[in-house]
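Residue numbers (full-length UniProt numbering): 1 to 174.
Ideal Cβ placement from N, Cα and C applies to all residues, glycine included.
The next block holds one structure in the form of structure tokens; read it before the comments.
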Amino acid sequence: MTAARRRDEILQALAGASGPVSAAALAARLGVSRQVVVGDVALLRAAGSPIVATPRGYVLGGGQEGGGVRCTVACRHGLDGLLDELYTVADCGCGVLDVTVEHPVYGQLSGQLQVFSRYDADVFWDALQKNGAQPLCSLTGDIHLHTLVCPDEARKARVLAALEEKGYLMGLEK
């Protein structure tokens, strides 16, 4: 199989998937190494394919985010609040697309989360634990931004109220 054909196969696999597809799964399907798939995905992204890397694998076009109402929230909590924050958003029927921090040297750093359920939150949490990794917010005194997506304004209001009640939202000083 040619490299061009392999990249077409990757795009087709992602387009037909109902969720994230890992590089290892794509490699097994195509009979190549995981590193070859990672390189192919990098080339596809450079050519403009909307492939997003999430903690659970690649998705085409940003995954489940779909339409809905988007908003950016500023949050602050320690590691002990991370999983509860994600659960709170999912329990309100909304999703967390990403996390962004403002680093003093690198500027804005973002990571794709694509958390739409408690299961997604657990997978993310387990990946942090398994890899001994720290969340991005640990770089900035626990201050971070999330892009949330909600099906409608009512659920957006509900998730903002729930996050505010738990003390996770940073508000403007009065």
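### Cα-Cα separation, Glu65 to Ala46
Numbered from 1 along the sequence shown, position 65 holds the residue referred to as residue 65. Numbered from 1 along the sequence shown, position 46 holds the residue referred to as residue 46. In this prediction, Glu65 scores a pLDDT of 49, lower than 50, which makes its location untrustworthy; the coordinate-derived value is nonetheless stated afterwards. In this structure, the straight-line span from the alpha carbon of Glu65 to that of Ala46 is close to 22 Å.
### Message
Is there a C-beta anywhere in chain B that falls below 8 Å from the one on Arg45?
### Response
Among the chains of the structure shown, chain B does not appear; only one protein chain is present.
### Message
Whole angstroms are fine: how far does the CA of Ala23 sit from the CA of Gly57?
### Response
The count along the sequence shown starts at 1 and reaches residue 57 at position 57. The count along the sequence shown starts at 1 and reaches residue 23 at position 23. So the alpha carbons of these two residues sit roughly 7 Å apart.
### Task
Closer than 8 Å by C-beta to Lys156: which residues in its own chain qualify, once you throw out the five before and the five after it? Chain order, please.
Within the sequence shown, residue 156 is the residue found at index 156, counting from 1. A distance below 8 Å between beta-carbons, with the five flanking residues on each side excluded, links Lys156 to the following residues of its chain, in chain order: Val69, Cys71, Cys94, Leu148, Cys150.
### Query
Along the chain, where does the beta strand (DSSP E) that runs through Gln112 open and close?
Against the sequence shown, residue 112 aligns to sequence position 112. 107 to 115 is the extent of the beta strand (DSSP E) around Gln112.
### Task
Consult DSSP for Val37 and reduce its assignment to one of helix, strand or coil.
Taking the sequence shown and counting its residues from 1, the one referred to as residue 37 is at position 37. Three-state DSSP puts Val37 in a helix.
### Message
I need the straight-line Cα distance from Thr100 to Leu26, nearest angstrom please.
### Response
Within the sequence shown, the letter at position 100 stands for residue 100. Within the sequence shown, the letter at position 26 stands for residue 26. Whole-angstrom Cα-Cα distance: 28 Å.
### Task
Evaluate Arg7 with the Cβ neighbour count: other Cβ atoms within 10 Å of its Cβ, from every protein chain shown; 16 or more gives buried, anything less gives exposed.
Position 7 of the sequence shown holds residue 7. So Arg7 counts as buried.
### Task
Sort Tyr106, Pro104, Ser110, Phe124 by Cα distance to Pro20 and report the nearest one.
Position 20 of the sequence shown, counted from the first residue, corresponds to residue 20. For Pro20, the nearest C-alpha among the options comes from Phe124.
### Query
Roughly how many angstroms lie between the CA atoms of Leu172 and Leu109, to the nearest whole one?
Here residue 172 refers to the residue found at position 172 when the sequence shown is read from its first residue. Here residue 109 refers to the residue found at position 109 when the sequence shown is read from its first residue. Low per-residue confidence applies at Leu172: pLDDT is 48, beneath 50, and the placement is therefore not dependable, though the value from the model is reported in the following sentence. Approximately 23 Å, taken between the alpha carbons.
### Message
Tell me which residues share the same chain as Thr54 and place their Cβ nearer than 6 Å to its Cβ, disregarding the 5 neighbours each side in the sequence.
### Response
Within the sequence shown, residue 54 is the residue found at index 54, counting from 1. By the criterion of a C-beta distance shorter than 6 Å, Thr54 is surrounded in its chain by Pro20, Gln112, Gln114, once the five residues flanking it on both sides are discounted.
### Query
How would you call Gly16, buried or exposed, if buried means at least 16 neighbouring beta carbons within 10 angstroms?
Reading the sequence shown from its first residue, position 16 is the one you call residue 16. Answer is exposed; the Cβ neighbour count stays below 16.
### Message
Only counting the same chain, and skipping five residues up and downstream in sequence, which positions put a Cβ closer than 7 Å to that of Ala13?
### Response
What you label residue 13 is simply residue 13 of the sequence shown in a count that begins at 1. Hits under 7 Å: Val21, Leu26, Arg29.
### Inter-residue Cα distance where the pair is Asp80 and Val89
Numbered from its first residue, the sequence shown carries residue 80 at position 80. Numbered from its first residue, the sequence shown carries residue 89 at position 89. Rounded to whole angstroms, the separation of the alpha carbons of Val89 and Asp80 is 16 Å.
#### Entry: Residue range of the beta strand (DSSP E) that includes Asp98
Looking up residue 98 in the sequence shown gives position 98. Here the beta strand (DSSP E) through Asp98 covers 95 to 103.
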